[in-house]
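Residues 1 to 439, numbered by the UniProt record's numbering, are exactly what the sequence shown covers, in order.
The structure appears right after this line, and notes come after that.
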Amino acid sequence: MAPTEGFPLPVLGAAQLEFKARGKDNRKPDLPPFQSVILKEKATHGVSMPRGYLELTLNPKDNEVGYISSTSFHRDIILSPDLSTFRVLPWTEQTARVICDPFTVLGKPVSTSPRYIAKQQLSQLQDYGFSLYSAFTYEFCIYGIAEVINSKTISFPAATLLNNQDQTFIQELIEGMYYIGVNIESFSSSAGLGQMEISFHPEFGIEAADSAFAFRTGIKEVAKKYNYIASFFSEIGFYNSGILAHSLWDINGQKNYFSGSFGTRELSDIGKYWLAGLLLHSAALSCLMAPAVSCRKRYFKYSKDSKETVNAKWAYNDNSGSFNIKCHGGKGIQIENKLGSATANPYLVLAATIAAGLDGIKRKLSIQDVSEEKQNTSHLKALAIPLKLEDALAALEEDLCIREALGDTFIRYFVTMKRYELETEEIDAERKKYLEYFI
């Protein structure tokens, strides 16, 4: 039987530290499609590529500047496809996407891979009899194609509160996301010029971060078809937030452990332990969830003076704090981790949130004990978050729990990359980086 004409051929990809999708395009129209021997081999054994393709310096146009170890970074790694993520992309012809996990040629997982780190933390959670039910909410900006005005390149907003002018683009985007399994719960304009907000339906396990990865890749591709640019970068004056709403369930997904006894609207004891862990590690979490200089400027709006830190606050049904305990909805109580910027890597957000919350459960931390440890007596249980990225990096290095959970190799790599960024990059270059290169 002849192969089906037009069968989609896979693009294999993985997420980098800065959440840029990299991989290999395996479309070969002259070969029989996925049934061919070559593509079967790639599906089974993966695709090789230089490690430096996944762990570049902050600017993709640089050659070797900033590589932590140029020798190891030029060695091959293997992108091993997770075939459960195979999706046909409706917005482009004869193309499918497969998310991959990077391995060394000896079959060892690459320890700096964000998706691998997230899967490790989910496995730890499962060992304790829990599963994570979570969803991301993102703000992002849609710009028209860049125009040169008085020698400056400017991108004007393509959508405002009063004018969602291209419904065809929005419709293709949302329908395309549903087609590839990204379930959108809501989509709306937000406060800033060209700013939009999207919320996904909660999913168990790694699928929540995979959906975020798929959306952030897909919207870039769909926007380009309409001569738009989609950016998750935080502009001066307003901020693109990234929120992780989550709850803790049993392995079978039948019971929400954050919800107390029937009829109560208060966190259970397990939920309080988890929240205490988030509060205790909030400084380190903020480093991973607001990983750029511009991201951290969003914290300044909470600062009333020239302090070096702001308070991490929690409250019930209050969107102004760092952690919002939502007591409404059909799935019971959930915690919104609002420390994040939309530029953060969702796999790292997922992993760090689990590591902090699970530490609270292991040690049976109380919110009161955490507050006393931080020597803060505010009734909102405020804890210190560094305003400056360099201070947040120091807090991440000093947090032994997060360091052990995510791996010493990864933490050293992350901190080294971020310090290199602080030394070499300015805001204008950072804006261009996130606008053009990173999802």
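Yeah, the Cβ is synthetic: ideal placement off N, Cα and C, and Gly gets one too.
If we call anything under 9 Å between Cβ atoms a contact, is residue 401 one with residue 355? Going by beta carbons, residue 401 and residue 355 fall inside the 9 Å limit.
Check residue 88 in the structure and name its three-state DSSP category. Three-state DSSP puts residue 88 in a strand.
Report the rounded CA-to-CA distance for residue 102 versus residue 78, giving the unit in angstroms. Taking C-alpha positions only, residue 102 is separated from residue 78 by approximately 6 Å.
So, with DSSP's three-state summary, where would you put residue 97? If DSSP states are grouped into helix, strand and coil, residue 97 belongs with the strands.
With three or more beta-carbon pairs closer than 8 Å as the criterion, would you say the region 195-208 touches the region 179-186? The region 179-186 and the region 195-208 touch, with three or more beta-carbon pairs separated by less than 8 Å.
Neighbourhood of residue 255 by C-beta, 8 Å cutoff - its chain only, sequence neighbours within 5 removed: For residue 255, where only same-chain residues beyond five positions count, the Cβ hits under 8 Å are 249.
With distances taken between CB atoms, is the gap from residue 240 to residue 100 smaller than 9 Å? Residue 240 places its beta carbon 9 Å or farther from that of residue 100.
Does DSSP put residue 322 in a helix, in a strand, or in coil? Per DSSP, reduced to three states, the secondary structure at residue 322 is coil, with no helix or strand assignment.
Inter-residue Cα distance where the pair is residue 388 and residue 242: Rounded to the nearest angstrom, the two C-alpha atoms are 19 Å apart.
Does the distance from the CB of residue 85 to the CB of residue 221 come in under 9 Å? No, these two residues do not count as a Cβ contact at 9 Å.
Using the Cα positions of residue 312 and residue 280, report the straight-line distance between them to the nearest angstrom. Put simply, the backbone Cα of residue 312 is about 10 Å away from that of residue 280.
Does DSSP put residue 228 in a helix, a strand or coil? When DSSP states are grouped into helix, strand and coil, residue 228 belongs to the strand group.
For residue 325, the nearest candidate out of 284, 114, 271 (CA to CA): Closest option to residue 325, judged by alpha-carbon separation, among 284, 114, 271: 271.
Backbone secondary structure at residue 346 - three-state DSSP: Three-state result, residue 346: helix.
Hey, could you find the ends of the beta strand (DSSP E) residue 135 is sitting in? Residues 130-144.
Counting Cβ pairs closer than 8 Å, one from the region 346-362 and one from the region 279-295, do we hit at least three? Cβ pair count under 8 Å is three or more, so yes.
Which of the three DSSP states is assigned to residue 118 in this structure? The three-state secondary structure of residue 118, taken from DSSP, is helix.
Considering only the alpha carbon of each residue, which of 368, 419, 296, 246 lies closest to residue 136? For the set 368, 419, 296, 246, the Cα lying nearest the Cα of residue 136 is the one of 246.
With distances taken between CB atoms, is the gap from residue 121 to residue 358 smaller than 9 Å? A contact, by the Cβ cut-off of 9 Å.
When burial is assigned at 16 or more other CB atoms within 10 Å of the CB, is residue 83 buried or exposed? The residue is exposed, with fewer than 16 neighbouring Cβ atoms inside 10 Å.
So which of 361, 258, 41, 127 has the shortest CA-CA distance to residue 134? The option with the nearest alpha carbon to residue 134 is 258.
State yes or no: is the C-beta of residue 229 within less than 9 Å of the C-beta of residue 406? No, the Cβ-Cβ distance between residue 229 and residue 406 is not below 9 Å.
Is it true that the CB of residue 87 sits closer than 9 Å to the CB of residue 454? The chain is shown from 1 up to 439; residue 454 falls before or after that span and cannot be answered.
Residue 245 by DSSP, collapsed to three states: which one? Residue state, collapsed to three classes: strand.
Would you mind reading off the limits of the alpha helix (DSSP H) that contains residue 416? Boundaries of the alpha helix (DSSP H) harbouring residue 416: 408-424, taken from the DSSP string.
Would you mind stating whether residue 323 and residue 335 have Cβ atoms separated by less than 9 Å? Yes.
Grab me the residues of residue 409's own chain with a C-beta within less than 8 Å of its C-beta, minus the 5 sequence neighbours each way, in chain order. Answer for residue 409: 111, 112, listed in chain order.
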